[in-house]
Structure formats: structure tokens, C-alpha cells
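Structure first, commentary second.
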Amino acid sequence: MTLVQMQPRPTDATAADGTVADAMGTAGPQVCDDMTVEVVLSVMASARTEHLLVCDDSGLCTGLVTQDQLTAARDDPAYTDRTRLRDVLGDRGPFTSPVATMAEAGRMMRYSHVDALPVVDEHGSALGVLALAR
Numbered sequence: 021m022t023l024v025q026m027q028p029r030p031t032d033a034t035a036a037d038g039t040v041a042d043a044m045g046t047a048g049p050q051v052c053d054d055m056t057v058e059v060v061l062s063v064m065a066s067a068r069t070e071h072l073l074v075c076d077d078s079g080l081c082t083g084l085v086t087q088d089q090l091t092a093a094r095d096d097p098a099y100t101d102r103t104r105l106r107d108v109l110g111d112r113g114p115f116t117s118p119v120a121t122m123a124e125a126g127r128m129m130r131y132s133h134v135d136a137l138p139v140v141d142e143h144g145s146a147l148g149v150l151a152l153a154r
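For reference, each letter of the sequence shown is one residue, going 21 to 154 in the numbering used here.
Structure follows, in C-alpha cells:
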């Protein structure tokens, strides 16, 4: 009989091996990109969240908006109370898939400098949000 010394596996290694579907949160409140920034800020305050999923007229997820983004938009000299969410959001994405690994999603978050990613299906519909723990 041979003795084998076991090394405990780091807890974060198990998380990195899992999929995004294992760790994502529910989609939560969603806002349409034609809403005004003021209305979106109100929805965000009511939902007590720091981010919301954004959808277009077709109901497809176009991204995620944060309270910091909205505050920066409101501080812009060109801002009016009629400024729409689509006017302050940049490009679509980044997004992740529920079948992506946590390691892949982590790299994407680091590369994109974001704290949360929308999780979408193959059609672009929002399934949930993958957010860093605070």
C-alpha cells in the first residue's frame, strides 16, 4: 500500500471550473433603452440596485447600465431631462453565455473593466447577471 499526500484544492479553483449558469443571479429589473436617464435612475433607486439590464424595442438585451454611468451622464453639460438611455450608453456588450466557464467570464470582466456582465442566450435575451461579490 502506498500513501498519497493530498493537497487541499483552493476554493476559488472550484468556482473557476464551474459555468456562468452556476453563479449568475436572476435578471432582475430591466429597462428599455428609450427611457430617460431620470426614469432609469428612479427605477434603479426603487430596485435598490447598482445596475440594470437594458433592452431594446424587441426585448433583446443591449447591455447593462450602472449607477456610476448614469451619474456621469447627468453631470455632462449636454445633459437635459429628455436625455434617453440609448444616448448615453456606448457599444453593445460585453455579454457572456450561461455555458461559459467562470474563468472565461473572469477574464472578460478584467479585460472590459466591468463588475457585472449580462448573461444572454443564443438569441440575445437576458437570462441573468454575473456580478462580482462586494
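Ideal placement from N, C-alpha and C gives every residue a C-beta, glycine not left out.
For the alpha helix (DSSP H) containing residue i, list its first residue and its last residue.
i, result
"Gly113", "Per DSSP, Gly113 belongs to no alpha helix (DSSP H) and is neither H nor E."
"Ala43", "Val40 to Ala43"
"Gly48", "Premise fails: Gly48 is in no alpha helix (DSSP H) and is neither H nor E."
"Tyr131", "Met122 to Ser132"
Keeping to the same chain, check which residues put their C-beta closer than 8 Å to that of residue i; ignore five residues upstream and five downstream.
i, result
"Arg112", "Thr82 and Gly83"
"Thr31", "Unreliable placement is indicated for Thr31, whose pLDDT of 46 sits below 50; the coordinate value is still reported in the next sentence. Closer than 8 Å at Cβ, skipping near neighbours: no residue."
"Leu109", "Asp53, Val74, Thr82, Gly83, Val85 and Gln89"
"Val60", "Val51, Leu72, Val85, Leu90 and Leu105"
Thinking residue i and residue j are a contact (beta carbons under 8 Å), I'd like their distance in whole angstroms, please.
i, j, result
"Met64", "Gly148", "That pair is no contact at about 18 Å."
Candidates the options: which alpha carbon is nearest residue i's?
i, options, result
"Ala120", "Ser78, Asp101 and Leu137", "Leu137"
"Leu156", "Val51, Asp96 and Glu58", "Since the first residue of the chain shown is 21 and the last is 154, residue 156 is not available in this structure."
"Asp230", "Arg127, Met129 and Arg106", "Since the first residue shown for the chain is 21 and the last is 154, residue 230 is missing from the structure and cannot be characterised."
"Gly48", "Asp42, Leu61, Val60 and Thr69", "Thr69"
"Ser78", "Leu152, His143 and Thr100", "His143"
"Asp101", "Met55, Ala153, Leu152 and Ser66", "Met55"
"Ser145", "Leu80, Tyr131, Ala153 and Asp95", "Leu80"
Residues in its own chain within less than 7 Å of residue i by CB, not counting five upstream and five downstream?
i, result
"Gln25", "Per-residue confidence for Gln25 stands at a pLDDT of 34, beneath the threshold of 50, marking its modelled position as unreliable; no derived number is given."
"Met162", "Nothing can be reported for residue 162: it is not among the residues displayed for the chain, which extend from 21 to 154."
Can you list, in chain order, the residues of its chain whose CB lies under 6 Å from that of residue i, leaving out five sequence neighbours each side?
i, result
"Asp141", "Leu147"
"Val40", "Thr116, Pro118, Ala120, Ala125, Val139 and Leu150"
"Thr46", "Gly148"
"Thr103", "Val57"
"Val134", "none"
"Ser62", "none"
"Ala153", "none"
Along the chain, where does the beta strand (DSSP E) containing residue i start, and where does it finish?
i, result
"Leu137", "Ala136 to Val140"
"Val59", "Element bounds for Val59: not the beta strand (DSSP E) but the alpha helix (DSSP H), Val57 to Ala67."
"Ala146", "Ala146 to Ala151"
"Gly83", "Cys81 to Thr86"
"His71", "His71 to Cys75"
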